[in-house]
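In numbering that gives the first Met the number 0, the protein residues as written are 0 to 364.
Beta carbons are placed, not taken as given, at the ideal position from N, Cα and C, and that holds for glycine.
No experiment lies behind these values; they were computed from the predicted model shown.
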Amino acid sequence: MTVNRPAEFSPPLHGIRGLAVLLVVFSHLGNAGFSLPLLRHNSIGKTGVWMFFVLSAYLLTSRLYEAVQRYGPSVDLILAYFVQRVSRIYPLLAFVLTLHVFFSGFGQATVIEHLLLIDGRAELWAIPVEFKYYLIIPIIVLSTHVARLRVVIGLLLLAVAAATAYSVFTPFDISNLLSLVPRATPFLVGSMAGLLFGRGIRITWEHPPRFSWWQFSPLVLLLACATFFRFASLEWRSPIGALLSPWVDLLMSLTVVAAIYSTFRWQTMRVIFGSKLLVFLGKISFSVYLLHMFVINFMLRQHVPIGPALMPWIILLVSIALATVTYLTIELPGIRVGKKVSTALSKSSYYRRQEKIPHAVKPAG
Numbered sequence: 000m001t002v003n004r005p006a007e008f009s010p011p012l013h014g015i016r017g018l019a020v021l022l023v024v025f026s027h028l029g030n031a032g033f034s035l036p037l038l039r040h041n042s043i044g045k046t047g048v049w050m051f052f053v054l055s056a057y058l059l060t061s062r063l064y065e066a067v068q069r070y071g072p073s074v075d076l077i078l079a080y081f082v083q084r085v086s087r088i089y090p091l092l093a094f095v096l097t098l099h100v101f102f103s104g105f106g107q108a109t110v111i112e113h114l115l116l117i118d119g120r121a122e123l124w125a126i127p128v129e130f131k132y133y134l135i136i137p138i139i140v141l142s143t144h145v146a147r148l149r150v151v152i153g154l155l156l157l158a159v160a161a162a163t164a165y166s167v168f169t170p171f172d173i174s175n176l177l178s179l180v181p182r183a184t185p186f187l188v189g190s191m192a193g194l195l196f197g198r199g200i201r202i203t204w205e206h207p208p209r210f211s212w213w214q215f216s217p218l219v220l221l222l223a224c225a226t227f228f229r230f231a232s233l234e235w236r237s238p239i240g241a242l243l244s245p246w247v248d249l250l251m252s253l254t255v256v257a258a259i260y261s262t263f264r265w266q267t268m269r270v271i272f273g274s275k276l277l278v279f280l281g282k283i284s285f286s287v288y289l290l291h292m293f294v295i296n297f298m299l300r301q302h303v304p305i306g307p308a309l310m311p312w313i314i315l316l317v318s319i320a321l322a323t324v325t326y327l328t329i330e331l332p333g334i335r336v337g338k339k340v341s342t343a344l345s346k347s348s349y350y351r352r353q354e355k356i357p358h359a360v361k362p363a364g
């Protein structure tokens, strides 16, 4: 049996993103005192954010790499890449900043700083960090056009080693820093996976893989890393927390890549991460991420008379409902516009390239 898995955002990858946003929301619920019975889920949110970082780097690198391989490098392709990024991020960001003006007291200067990605307060901190790496992805992908893929992968491995060494010798608070350098490892690991998987994974076997408990190892490691991040967030000043954080950072990044690969390799993981609930949460995860704190803060201020066992679930459901609305009315239209413009730019790049090739045959339609 042969299975081809192109590098695309398949439903199970949406499911991984759905799990990531659940970790973030439950972390903030725990931090606010809305804890589930018998569970301590405060300060586990960085696990979810790291998952976002790896997934974003993987997806964007693989897509741009495939486009460059198909159409060749061009200004139009890079422009299309940034058009999609801006149309994906800014419509919802602008809406959320408007909410912060009314509910969080953001002034004009603060809003402008967030739009320019030079500030990131509270849950907004991850956006400027991620966007900084967006600027690096085209450099990584274009380098594959002038050097062999194995050379580029080797350079990325050196960059991961350098980022890990930096974190080892310069321990940092794993709270909401805007610097990319301490956060480089998950992005770099995601880009390496994007280049390796971007050419499509070809899996060949005579019989489907037998069930094995090893199939669950990526999921188990993700939860184990979440447990450590909770410890590190609370005890990062301790010597052991500072010593272990960079290595768990690296392990976490590799574990997310393993989870991505597991959705290609094992039916069990495709079923788990491809569940309708996780896939749906993955699709609306950006809205959930940016809106859930408004719901949490509202419940804290209003002292809504709801039992402590029900409160976390009520907040989660309200956050999902609001996120669904903003996804359909703000995110999705922006995504469609960005895709339409970027597709036109990509086709323009292709046809200009074909015109330079004598007797090139253009595809019908």
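CB-CB under 6 angstroms to L28, same chain, minus the five flanking residues each way: which ones, in chain order?
P311
Might you give, ordered along the chain, the residues of its own chain that have their beta carbon closer than 6 angstroms to the beta carbon of T342, omitting 5 neighbours on each side?
none
For T169, report the span of its alpha helix (DSSP H) as first-last.
Taken as a continuous stretch (DSSP letters only), T169 belongs to no alpha helix (DSSP H), as it is neither H nor E.
DSSP state of L276 mapped onto helix, strand, coil:
helix
Report yes or no: do the stretch 251-258 and the stretch 182-192 share at least 3 C-beta pairs separated by less than 8 angstroms?
yes
Whose C-beta lies closer than 8 angstroms to the C-beta of I152 among residues of the same chain, with five residues either side of it excluded?
M191, L194, L195
Measuring straight from C-alpha to C-alpha, what distance separates P307 and V20?
22 angstroms
Is T60 closer than 7 angstroms to I126 when the C-beta atoms are compared?
no
Would H113 be called buried (16 or more neighbouring beta carbons within 10 Å of its own) or exposed?
buried
Assign P72 to one of three DSSP states: helix, strand, or coil.
coil
Would you tell me roughly how many angstroms separate the C-alpha atoms of I138 and R84, rounded to the nearest one?
16 angstroms
Under three-state DSSP, which class holds W49?
helix
For W213, three-class secondary structure by DSSP
helix
In this structure, does DSSP put G106 in helix, strand or coil?
coil
Measuring only the C-alpha atoms, how far is V278 from P11?
7 angstroms
Alpha carbon to alpha carbon, how far is P245 from S86?
33 angstroms
Residue ranges of each alpha helix (DSSP H) run of no fewer than 4 residues wholly in the stretch 116-182, ordered along the chain?
125-145, 148-168
Kindly give me the distance between the Cβ atoms of I283 and T323, rounded to whole angstroms, as I take these residues to be in contact under 8 angstroms.
6 angstroms
H27, DSSP secondary structure in three states:
helix
What are the boundary residues of the alpha helix (DSSP H) that includes A320?
310-325
N-terminal and C-terminal residue of the alpha helix (DSSP H) that S286 is part of
284-301
Would V128 and L179 qualify as a contact pair, given that the criterion is a beta-carbon distance under 7 angstroms?
yes
If you check the beta carbons only, do T46 and A257 fall under 7 angstroms apart?
no
If you measure between the beta carbons of G17 and G273, is that distance less than 7 angstroms?
no
Between the CA atoms of L157 and L222 - distance to the nearest angstrom
28 angstroms
Top-ranked residue by Cα proximity to T163, from P181, L289, W213, G104
P181
C-alpha distance - G106 paired with F52, whole-angstrom precision:
29 angstroms
C-alpha gap between S318 and L289, whole angstroms
10 angstroms
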